[in-house]
Amino acid sequence: MIKHLSSIPLYLKILLAMLIGVGIGYLFIWTGQQPFVNNWIKPWGTIFIRLLKLIAIPLVFISLIKGITQMKDFAKLSRLGIRTLATYIITTTIAVSIGIGMVSIIRPGDLFPQEKAQKYQEKFAEKVASGVENAEKIKETGPLSFIVDMVPENLIAAGGDNSAMLQIILIAMLVGIAIVILGGKTSDTLFPFIEATNAVILKIVDFIMLYAPIGVLALMAGMIVDFSGDSEMFASLGLYALTVILTLFIIAFLFYPLILKLLIKFKIKDFIKGVFPIQLVAFSTSSSSATLPFTMEHSQKELGISEETSSFVFPVGATINMDGTAAYQAVAILFIAQIFGMDLSLAQMLSIVLLTVIASIGTPGVPGASVVMTVMVLTTVGIPVEGLVLILGIDRPLDMLRTVVNVTGDVFVAKLIQHNQKSPMT
24 MIKHLSSIPL
34 YLKILLAMLI
44 GVGIGYLFIW
54 TGQQPFVNNW
64 IKPWGTIFIR
74 LLKLIAIPLV
84 FISLIKGITQ
94 MKDFAKLSRL
104 GIRTLATYII
114 TTTIAVSIGI
124 GMVSIIRPGD
134 LFPQEKAQKY
144 QEKFAEKVAS
154 GVENAEKIKE
164 TGPLSFIVDM
174 VPENLIAAGG
184 DNSAMLQIIL
194 IAMLVGIAIV
204 ILGGKTSDTL
214 FPFIEATNAV
224 ILKIVDFIML
234 YAPIGVLALM
244 AGMIVDFSGD
254 SEMFASLGLY
264 ALTVILTLFI
274 IAFLFYPLIL
284 KLLIKFKIKD
294 FIKGVFPIQL
304 VAFSTSSSSA
314 TLPFTMEHSQ
324 KELGISEETS
334 SFVFPVGATI
344 NMDGTAAYQA
354 VAILFIAQIF
364 GMDLSLAQML
374 SIVLLTVIAS
384 IGTPGVPGAS
394 VVMTVMVLTT
404 VGIPVEGLVL
414 ILGIDRPLDM
424 LRTVVNVTGD
434 VFVAKLIQHN
444 QKSPMT
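As structure tokens, this is what we get:
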């Protein structure tokens, strides 16, 4: 029996746990034993949330350092490298903006009745108030306080505060760049340690995700009891999934092809036809890294991308270019904010854009890492992370679609860079 359970993919376990949690919630509502759920079941979900918060800072810190140090010679990046990195950052920012625009227009969280959203907000009033208070402080301290707050006064204090994740990211970037610039023995000595530490942290993420089905079951049961089984929650979740899908479709099949058509006169149908086999592999593997060999080979044969360009652009893209992940995180974060009835300030919206772009660069390609990154952004902006349980059950199919957009973005950037290199092949 245990052997059969271990063979079930994690995403199916989470989905099954979500359904069981719903069933348990309704069962205890029907029997009038709601306090039992809150006292004996829901705490196991709280433990899951705490575990995600526990690993967030070390995961972001080490994975970003590792990503930067893998660039090797940062001081001597060629024009190709600078252009590639700049293009990746720009496209990811645009992808996040599209996600924010879609969720702001569709507003799937508004399907929750106003009184239920208010009840949810009151339930976590202290956390919501903290986010509002932080936003008010930003207004009072001036327009540049957003930048000032990114620089920590104390390294230890920053490392002990999940809401100070921007400071952790800044420190990680400084450390990574310093290691690369020093190079030589310093880099050779530190890089194996960084890789080993990263491996340990990812293994801890694996442990936490093994516990994820229990945490999701407990949180979902508690949420059903809290909302007394209202069906609006599931309608809202369905509209959220549709919002994510529409956002990813716009990025992959409208934004990328249209930009190539406008900038380099590359036919839309040729791009879609050329990238489609890569998208199928990405969808089936749900991993940009696993798709990488096929992406490089197919792009050279079918899209006219040179070996020189593909050998640099695609490996870097598989590490730092996560347009689909960033757009998804933006939709998820604003969806949760809508459920809580939170109106985010301009400073909070800018934080979401910046954090999702940076977090997508530092997101390792392992199950559960994107969830931890989302927790990081939620915590920093002041949105209660308990709402995250709503989206975990359907995260796996959406993750497959996110990977499709991620690899499509890699091909898109490679085609742009190839054109700018003025290669005869373009």
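Residue numbering for the sequence shown follows our numbering, beginning at 24 and increasing consecutively.
Even for Gly, the Cβ is constructed at its ideal location relative to N, Cα and C.
Inter-residue spacing [alpha-carbon to alpha-carbon] between residue i and residue j
| i | j | result |
| --- | --- | --- |
| residue 207 | residue 200 | 14 Å |
| residue 108 | residue 220 | 26 Å |
| residue 411 | residue 398 | 8 Å |
| residue 211 | residue 381 | 26 Å |
| residue 166 | residue 330 | A caution first: residue 166 carries a pLDDT of 46, below 50, which makes its placement in the model unreliable, though a value can still be read off. About 46 Å. |
| residue 43 | residue 181 | 39 Å |
| residue 191 | residue 76 | 14 Å |
| residue 173 | residue 357 | 22 Å |
| residue 424 | residue 305 | 8 Å |
| residue 83 | residue 52 | 40 Å |
| residue 375 | residue 300 | 33 Å |
| residue 478 | residue 302 | Outside the shown range of the chain (24 to 449) lies residue 478, about which nothing can therefore be said. |
| residue 63 | residue 72 | 16 Å |
| residue 266 | residue 354 | 8 Å |
| residue 361 | residue 202 | 42 Å |
| residue 298 | residue 177 | 47 Å |
| residue 229 | residue 40 | 17 Å |
| residue 115 | residue 396 | 16 Å |
| residue 196 | residue 122 | 26 Å |
| residue 81 | residue 223 | 10 Å |
| residue 287 | residue 35 | 43 Å |
| residue 283 | residue 328 | 14 Å |
| residue 317 | residue 365 | 44 Å |
| residue 133 | residue 204 | 49 Å |
| residue 85 | residue 378 | 16 Å |
| residue 240 | residue 285 | 48 Å |
| residue 227 | residue 422 | 21 Å |
| residue 214 | residue 434 | 29 Å |
| residue 110 | residue 66 | 45 Å |
| residue 289 | residue 431 | 15 Å |
| residue 113 | residue 106 | 11 Å |
| residue 125 | residue 264 | 12 Å |
| residue 461 | residue 372 | In the structure as shown, the chain begins at 24 and stops at 449. Residue 461 is therefore absent and cannot be evaluated. |
| residue 193 | residue 171 | 12 Å |
| residue 38 | residue 352 | 19 Å |
| residue 127 | residue 370 | 16 Å |
| residue 405 | residue 92 | 31 Å |
| residue 443 | residue 311 | 24 Å |
| residue 50 | residue 414 | 22 Å |
Residue interval of the alpha helix (DSSP H) (run including residue i)
| i | result |
| --- | --- |
| residue 348 | 346-362 |
| residue 180 | 178-182 |
| residue 134 | Counting along the chain, residue 134 falls outside any alpha helix (DSSP H), and DSSP gives it neither H nor E. |
| residue 287 | 279-287 |
C-beta atoms of residue i and residue j nearer than 8 Å
| i | j | result |
| --- | --- | --- |
| residue 183 | residue 68 | no |
| residue 179 | residue 88 | no |
| residue 363 | residue 437 | no |
| residue 359 | residue 401 | yes |
| residue 119 | residue 350 | yes |
| residue 74 | residue 231 | yes |
| residue 280 | residue 268 | no |
| residue 247 | residue 48 | yes |
| residue 262 | residue 129 | yes |
| residue 225 | residue 428 | no |
| residue 315 | residue 341 | yes |
| residue 45 | residue 243 | yes |
| residue 131 | residue 259 | yes |
Any chain C beta carbon closer than 8 Å to residue i
| i | result |
| --- | --- |
| residue 221 | Here there is only one protein chain, and chain C is not present. |
Residue i Cβ short of 7 Å to the ligand ZN heavy atom set
| i | result |
| --- | --- |
| residue 66 | The ligand ZN is not part of this structure, which contains no ligands at all. |
Inter-stretch contact at 8 Å, needing at least 3 Cβ pairs: the stretch 316-324 / the stretch 345-357: no
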